[in-house]
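All remarks here apply to the structure that follows.
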Amino acid sequence: MAARNGKKSFYEEAMETFHRAADLIDMNPRVRMELEEPDFEHIFYVTAELRDRLSPLDDAEIPKFKDLAASDVKAGDALEPLANGQYILHRRALLRSDIHLRQGVIHIPKMGFFRIEKGGPRKFKAYRIQHNQVRGPYKGGIRYHKDVSLDLFKTLAADMTWKTAIAEVPFGGAKGGIKLDPFNYSREEIEHITLRYIYKFKNFMGPFLDIPAPDVGTNGEIMAFMMRQFTDGEREHHKLRGVVTGKDVRIGGSEGRLKATGQGVVYCIEEWARDKGFELRGARVIVQGFGNVGSSAAEILAALGAKIVAVNDVNGTIHNDRGIDVPALVQHVHANRANLRRTVAGFPGATAISKDDFWAVDADLCIPAALGEEIDGPVAERLKVKLVAEGANGPTTREGDRVLAARKIDVIPDIICNAGGVTVSYYEWLQNQRLEHWTEGEVNRRLEQAIKKNYAIIRDVARNRPQRTPHYDSRPYCVGAEVDVRTAAMVVALKRIEAHYLLEGFSQ
Ligand code: NAD
177 MAARNGKKSF YEEAMETFHR AADLIDMNPR VRMELEEPDF EHIFYVTAEL
227 RDRLSPLDDA EIPKFKDLAA SDVKAGDALE PLANGQYILH RRALLRSDIH
277 LRQGVIHIPK MGFFRIEKGG PRKFKAYRIQ HNQVRGPYKG GIRYHKDVSL
327 DLFKTLAADM TWKTAIAEVP FGGAKGGIKL DPFNYSREEI EHITLRYIYK
377 FKNFMGPFLD IPAPDVGTNG EIMAFMMRQF TDGEREHHKL RGVVTGKDVR
427 IGGSEGRLKA TGQGVVYCIE EWARDKGFEL RGARVIVQGF GNVGSSAAEI
477 LAALGAKIVA VNDVNGTIHN DRGIDVPALV QHVHANRANL RRTVAGFPGA
527 TAISKDDFWA VDADLCIPAA LGEEIDGPVA ERLKVKLVAE GANGPTTREG
577 DRVLAARKID VIPDIICNAG GVTVSYYEWL QNQRLEHWTE GEVNRRLEQA
627 IKKNYAIIRD VARNRPQRTP HYDSRPYCVG AEVDVRTAAM VVALKRIEAH
677 YLLEGFSQ
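For the sequence shown, position 505 matches number 681 in the working numbering, and the numbering has no gaps at all.
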């Protein structure tokens with residue numbers, strides 16, 4: 177793995193915990209070798225036809241077109257706005273319209289001057305890394321983001337192997353996606369790119385082979401496109417619905433899946449609070465990322481009486497010391513069509529602050545629920561919280577970890593903290609296989625039991641307190657000494673994975 181500016185790669189750094197835990201449990205050397213690198217690294221290219229676009233004219237060019245007659249576009253909704261200021265030009269925009277063009281420039285009153293840019297074929301780099309399947313089919317999210325790489329997907333795929341083992345669901349680990357900024361493409365283009373991705377990957381996936389789910393930049397609608405493309409015909413849908421999870425509940429998705437990751441984060445926080453005698457009602461919380469995970473965790477915590485005092489996302493940061501009105505913020509971000517980047521910026525019920533100041537807001541809990549490597553050494557130095565509950569995957573760097581430990585700030589590591597998503601994905605897959613539909617109450621009851629049980633085992637391993645209770649048995653996992661929580665979580669994962677190789681043997 178290539179080093180970055182002399183530093184270790186993201187993957188190498190992430191695997192340090194693996195090696196530490198493998199040493200502690202004296203892992204079988206061949207099993208260790210199997211887990212050190214992914215089973216398969218699929219890198220491929222996806223092409224799709226893009227629509228023509230209207231691109232805003234540079235200010236300097238506008239005077240040249242001041243006398244251009246205004247065009248009257250009747251079907252204004254046929255100009256689909258994108259987050260980068262462009263509009264997709266759907267052909268129906270031209271129906272019954274009076275159009276005036278000069279040198280490819282059009283003037284639309286109240287919108288401005290635009291140059292028409294030709295669409296055409298574009299190529300996108302796509303990935304699917306299948307890390308390990310000894311415990312069950314490969315399982316993991318699909319990310320659409322401009323900053324993705326083999327290094328990142330290898331790390332996230334391995335994380336899924338550990339996470340599915342910790343969650344005790346019969347899956348392995350995978351991760352993948354496409355290098356693009358989904359906010360700069362139309363819904364129809366995203367559909368075509370997704371269909372092509374699945375067309376190319378079809379032979380390597382299936383309900384018993386590799387099961388994608390939503391991650392950053394993807395959602396239930398994209399999972400529906402994937403399912404349709406994979407199943408290839410209405411007659412087959414019902415048998416193969418389990419090929420993706422995180423689907424809309426109306427087409428075989430599970431109740432509770434949308435909020436499951438955030439709900440799992442909160443179940444972990446509840447256990448931490450119970451253990452510490454900490455009162456969640458009135459607790460002050462800062463949240464980074466207000467997408468699926470961040471907004472769900474914030475909503476659930478606010479309903480428990482906690483105060484969300486600051487939220488940061490890629491486009492802005494907001495702060496309200498008396499507590500942000502979370503349902504109103506969810507409306508602002510997720511139900512407001514004019515908010516193209518689905519950002520918290522511009523929310524009227526709070527004031528804007530800088531990202532730097534966000535990390536130093538006086539609070540009890542910090543929930544990183546955006547991307548990786550956000551809590552580095554300097555950020556960890558600034559945090560004024562008691563607990564970091566990792567909703568995101570890999571939000572804390574090794575240096576960040578060291579600083580948090582030195583400052584006695586507790587951490588609930590990602591592989592247990594955000595395992596709620598994959599746990600309910602398993603419930604969705606089970607319901608699909610059995611053609612059942614469970615209630616949200618049933619899903620959350622099972623999720624709470626599963627997360628709290630595995631959280632308790634990890635805590636016992638960290639404190640070296642082997643015990644058997646009516647709910648769990650941590651004796652097989654403790655290693656005879658106290659370890660940090662991240663290593664403890666990895667020990668639990670590796671013992672469960674290793675058992676498969678040791679008891680079932682290696683397939684030949
Ligand atoms: P999402 O796309 O719904 O939301 C991502 C959020 O992060 C957005 O609010 C975005 O503005 C913000 N963000 C992106 N880059 C940022 C930056 N540089 N600084 C600050 N904020 C930034 O994604 P999601 O599904 O909520 O996933 C969030 C994290 O949780 C990811 O790390 C993902 O891997 C992890 N995760 C998600 C699930 C799931 O079920 N969706 C499950 C487990 C883990």
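A virtual CB, placed ideally from N, CA and C, is assigned to each residue, including glycine.
Here the structure is a predicted model, which is why all the values come from computation and not from measurement.
- The C-alpha of PHE534 is placed about 13 Å away from the C-alpha of VAL520.
- A residue is called buried when at least 16 other Cβ atoms come within 10 angstroms of its Cβ; PRO313 meets this threshold and is buried.
- DSSP, read as helix, strand or coil, puts HIS307 in strand.
- In this structure, the ligand NAD has no non-hydrogen atom nearer than 7 Å to the beta-carbon of PHE401.
- Straight-line measurement puts the Cα of MET336 at about 16 Å from the Cα of GLU189.
- With a minimum length of 3 residues, the unbroken runs of beta strand (DSSP E) contained wholly in the segment 553 to 634 fall at 563 to 565, 586 to 588.
- In terms of side-chain proximity, the C-beta atom of LEU328 is found no nearer than 7 Å to any non-hydrogen atom of the ligand NAD.
- For the pair ILE588 and VAL561, the CB atoms are not nearer than the 8 Å cut-off.
- The alpha-carbon separation between PHE186 and LYS315 amounts to approximately 21 Å.
- TYR361 places its beta carbon 8 Å or farther from that of ALA302.
- Along the segment 367 to 437, the alpha helix (DSSP H) occurs as fully enclosed runs of 4 or more residues at 396 to 407, 410 to 416, listed in sequence order.
- In this chain, the beta strand (DSSP E) harbouring LYS483 covers 483 to 489.
- Under DSSP, the beta-bridge partners assigned to ILE494 are VAL487, ALA528.
- Between SER231 and ASP248, the C-beta spacing is not below 8 Å.
- The count of Cβ pairs closer than 8 Å, one atom from the segment 395 to 405 and one from the segment 418 to 438, reaches three, so the stretches are in contact.
- Collapsing the DSSP output to three states places GLN643 in coil.
- Straight across, the Cα-Cα distance linking ALA626 with ARG644 is about 16 Å.
- For the beta strand (DSSP E) assignment, the uninterrupted runs of no fewer than 3 residues enclosed by the segment 266 to 333 are, from N- to C-terminal side, 281 to 284, 288 to 293, 296 to 308, 314 to 321.
- In this structure, LEU233 keeps its C-beta atom at 8 Å or more from the C-beta atom of LEU516.
- Taken through DSSP and simplified to helix, strand or coil, TYR263 comes out as strand.
- The secondary-structure analysis by DSSP pairs PRO232 across a beta bridge with PHE290.
- For GLU256, the uninterrupted beta strand (DSSP E) run begins and ends at 255 to 257, by DSSP.
- Counted as a single uninterrupted DSSP element, the stretch harbouring PHE359 is not any beta strand (DSSP E), since DSSP gives it neither H nor E.
- Judged by pairs of C-beta atoms under 8 Å, the segment 607 to 619 does not touch the segment 562 to 569, as fewer than three such pairs exist.
- The Cβ atoms of ILE305 and ALA333 lie closer than 8 Å to each other.
- The beta carbon of GLN464 sits closer than 7 Å to at least one heavy atom of the ligand NAD.
- Here the alpha carbons of ASP327 and SER530 stand approximately 30 Å from one another.
- Taking the C-beta atoms as reference points, ALA546 is found nearer than 8 Å to GLN464.
- Beta-bridge pairing by DSSP links PHE220 to ALA302.
- Going by DSSP, VAL207 is part of the alpha helix (DSSP H) stretching over 205 to 212.
- Here the segment 471 to 484 lies against the segment 444 to 462, with 3 or more beta-carbon pairs under 8 Å apart.
- Distance from the Cα of ILE354 is smallest, within the candidate group LEU371, ILE275, ASN512, LYS339, for LEU371.
- Closest by C-alpha distance to LYS286, out of GLY317, ALA246, LEU270, GLY280, is ALA246.
- As the crow flies, the alpha-carbon of HIS266 is around 8 Å from that of GLU256.
- Between GLY296 and GLU364, the gap from beta carbon to beta carbon reaches 8 Å or more.
- For the pair ASP497 and LEU541, the Cα-to-Cα distance works out to about 14 Å.
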